[in-house]
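Residues in the sequence shown are numbered consecutively from 1, following the UniProt record's numbering. Note that the Cβ used here is the ideal one computed from N, Cα and C, for glycine as well.
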Amino acid sequence: MVHIQCYPSRLHKSALSLDETYADIAPVRSDDSNPAAFVSIMRGCNNMCSYCIVPFTRGRERSRDLHSIVDNVKALRDQGVKEVMLLGQNVNSYHDKRTEGAQEEGRAYVPAAGFNNMFKARDALGYRFVDLLDRVSAVDPEIRIRFTSPHPKDFPDSVLQLVNERANICKSIHMPVQHGHSDVLARMRRGHTRDAYLNLVDNMRSIIPGIALSSDFIAGFCNETEEEHQATLTLMRHVAFDHAFMFAYSMRAKTHAAYRMEDNVEEATKLRRLAEVIDTYNTVVTAKNKAEDEGRLHVVLVQGPSRRSELKLTGLTDTSKRCVFPGELPILAHVPVAPEASMVWNPATLDFDAASNNSMGPTVSLQKGDYVLVRVHEAGRHTLHATPLARTTLTELQNLAPAGLLGYVILKAAHVGHDDVRIGHDDMIWLRSFSDPSIATRS
Numbered sequence: 001m002v003h004i005q006c007y008p009s010r011l012h013k014s015a016l017s018l019d020e021t022y023a024d025i026a027p028v029r030s031d032d033s034n035p036a037a038f039v040s041i042m043r044g045c046n047n048m049c050s051y052c053i054v055p056f057t058r059g060r061e062r063s064r065d066l067h068s069i070v071d072n073v074k075a076l077r078d079q080g081v082k083e084v085m086l087l088g089q090n091v092n093s094y095h096d097k098r099t100e101g102a103q104e105e106g107r108a109y110v111p112a113a114g115f116n117n118m119f120k121a122r123d124a125l126g127y128r129f130v131d132l133l134d135r136v137s138a139v140d141p142e143i144r145i146r147f148t149s150p151h152p153k154d155f156p157d158s159v160l161q162l163v164n165e166r167a168n169i170c171k172s173i174h175m176p177v178q179h180g181h182s183d184v185l186a187r188m189r190r191g192h193t194r195d196a197y198l199n200l201v202d203n204m205r206s207i208i209p210g211i212a213l214s215s216d217f218i219a220g221f222c223n224e225t226e227e228e229h230q231a232t233l234t235l236m237r238h239v240a241f242d243h244a245f246m247f248a249y250s251m252r253a254k255t256h257a258a259y260r261m262e263d264n265v266e267e268a269t270k271l272r273r274l275a276e277v278i279d280t281y282n283t284v285v286t287a288k289n290k291a292e293d294e295g296r297l298h299v300v301l302v303q304g305p306s307r308r309s310e311l312k313l314t315g316l317t318d319t320s321k322r323c324v325f326p327g328e329l330p331i332l333a334h335v336p337v338a339p340e341a342s343m344v345w346n347p348a349t350l351d352f353d354a355a356s357n358n359s360m361g362p363t364v365s366l367q368k369g370d371y372v373l374v375r376v377h378e379a380g381r382h383t384l385h386a387t388p389l390a391r392t393t394l395t396e397l398q399n400l401a402p403a404g405l406l407g408y409v410i411l412k413a414a415h416v417g418h419d420d421v422r423i424g425h426d427d428m429i430w431l432r433s434f435s436d437p438s439i440a441t442r443s
């Protein structure tokens, strides 16, 4: 199978055995200084997609005890971890029905609208993914929570609303669609149509403004026609994904496709179609990044030195985009709070110099594990290049939100004042006048 990955490289091997036990599973960190860690919450998969071998190698879904997962996150908090990735083959189908309280406090299974299960639905009550996400994100407001890899069918509105409400749940969701044509999706046994997927995308973007979406694509699946292939390209252009994993199909033994279908698309055709998928993604994401990220403010978790220069630091934005910025100079220790309108800090015009700007507050050198507010000045296909403005915390940004009191306000999907300025989830509006919040500039 030819596999092209266009996504930040951040996943590490997780310690999961083939046995249905979790006693020996511990959170995974690449090293003790890494501010990010990975916690496995379940294993196996029930979906039985026709191309996939996972249900035969990992078995059916088994979920860990909710309280043990929360305990893992608390232990990571005590070790100074600032970001936790929840891992599972079908992570958002998490279902703990055995833990004490699960039957009393739990809830029934609710799929996303327009999606069907390819197996008998799990009707029993129990803790669902929304319950786990709620408990884990409440451990510490300074710990970012991510999760992968989900299935689109397991995104009820309750999960999306929680993602939007919690500032520390990253606004980046993997939405593997695999293909853009409903007939191919049926052959893949995905349990949904093209329209159902697009409706879910629209629903996500309405509930979580500014959400970044990633996906998987398979080119050259069994019996794929040229018309069906073109449908994948049009879907990619329509959704405009922020990241993508792209493959040429290769049949796996013991799968439904191996027993019931023929791998009849010529290899040269597969590779040509894969190249077109990659080209479409590259064109769309390059234009999107330039349009949406250049000039934008992001909060980045510092992961350490850049691979290309030890003088630069790197980390991920809330939307899972790789960001590189200078790390050798001190920056403001906190986001400045302007006591009066004439002293509003404007990052668009800030020419930082510690000596001349010390009235704005103390300065610090950034360390691994710090959150930093940056302004993007160049957005490439896979990397954002930015200027660091101030060290911050997720709590600080939340507490600074009241527009009438402080120098900026974080708004979600709002229209501010005149000129109909549309604000995304992570956009900051730097107020020129505290007495008139309608006078604002988009940062």
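In the three-state reduction of the DSSP assignment, PRO152 falls in the helix class, which pools H, G and I. The alpha-carbon of PRO156 is positioned some 5 Å away from that of ALA112.
Between LEU384 and the set ILE173, ARG77 and VAL324, the nearest pair of CA atoms involves VAL324. Contact between MET246 and VAL277 holds: their C-beta atoms lie close to 5 Å from each other, under 8 Å. For the beta strand (DSSP E) assignment, the uninterrupted runs of no fewer than 3 residues enclosed by the region 253-332 are, from N- to C-terminal side, 297-305, 312-317 and 322-326. Looking at ALA390, LYS153 and THR225, the one whose alpha-carbon comes closest to that of LEU200 is LYS153.
Going by C-alpha positions, ARG98 is about 14 Å away from ASP131. The Cβ atoms of SER63 and HIS95 sit closer than 9 Å to each other.
Contact annotation: VAL91 and VAL84 have beta-carbon atoms that are not nearer than 9 Å. Using a 10 angstroms sphere on the CB of ALA108, the tally of other CB atoms stays under 16, which defines it as exposed. SER149 sits away from THR319, with the two beta carbons spaced by 9 Å or more.
DSSP, reduced to helix, strand and coil, places ARG189 outside both helices and strands of the structure shown, so it counts as coil. Contact between LEU301 and GLY315 holds: CB atoms are separated by about 5 Å, below the 8 Å threshold. Out of LEU397, THR395, LEU373 and SER50, the CA that lies nearest to the CA of PRO388 is found in LEU373. For the pair CYS222 and MET204, the CB atoms are not nearer than the 9 Å cut-off.
Annotation for PRO141: no alpha helix (DSSP H) segment contains it, and DSSP assigns it neither H nor E.
Ranking LYS288, ALA231, LEU213 and LEU162 by CA distance to the CA of ASP183 puts ALA231 first. Between the alpha carbons of GLY191 and VAL70 lies a gap of roughly 32 Å.
Nearest to ARG135 by alpha-carbon distance, out of PHE115, ASN116, ASP65 and THR57, is ASP65. Annotated three-state conformation of ILE53 is coil, per DSSP.
Classified as exposed, ALA253 has fewer than 16 neighbouring CB atoms from the shown chains inside 10 Å of its CB. The beta carbons of VAL299 and ALA240 sit no closer together than 9 Å. Judged by beta-carbon spacing, VAL110 lies beyond the 9 Å limit of ALA36, meaning their Cβ atoms are not closer than that value. Take THR317, set aside five residues on each side of it, and the residues of its chain with a beta-carbon closer than 6 Å to its own are HIS298, VAL300 and CYS323, in chain order. Ranked by Cα distance from THR395, the first of PRO55, ARG166, SER33 and ASP263 is ARG166.
The alpha-carbon separation between THR193 and LYS312 amounts to approximately 45 Å. Shown here for SER158: same chain residues with a beta carbon closer than 7 Å to its own, the five before and five after excluded, namely VAL130 in chain order.
Sorting ARG272, VAL139 and PHE217 by C-alpha distance to the C-alpha of GLU226 places ARG272 at the top.
For the 9 Å CB-CB criterion, ASN164 and ILE208 form a contact. Using a 10 angstroms sphere on the CB of SER50, the tally of other CB atoms reaches 16 or more, which defines it as buried. CA-to-CA, the gap between GLY180 and HIS229 works out to about 8 Å.
Within 10 angstroms of the beta-carbon of ALA390 lie 16 or more other beta-carbons, which makes it buried.
DSSP lists PHE217 as the bridge partner or partners of GLN178. DSSP, reduced to helix, strand and coil, places LEU125 outside both helices and strands of the structure shown, so it counts as coil. Taken atom to atom, the span from the alpha-carbon of VAL364 to that of LEU162 is near 34 Å.
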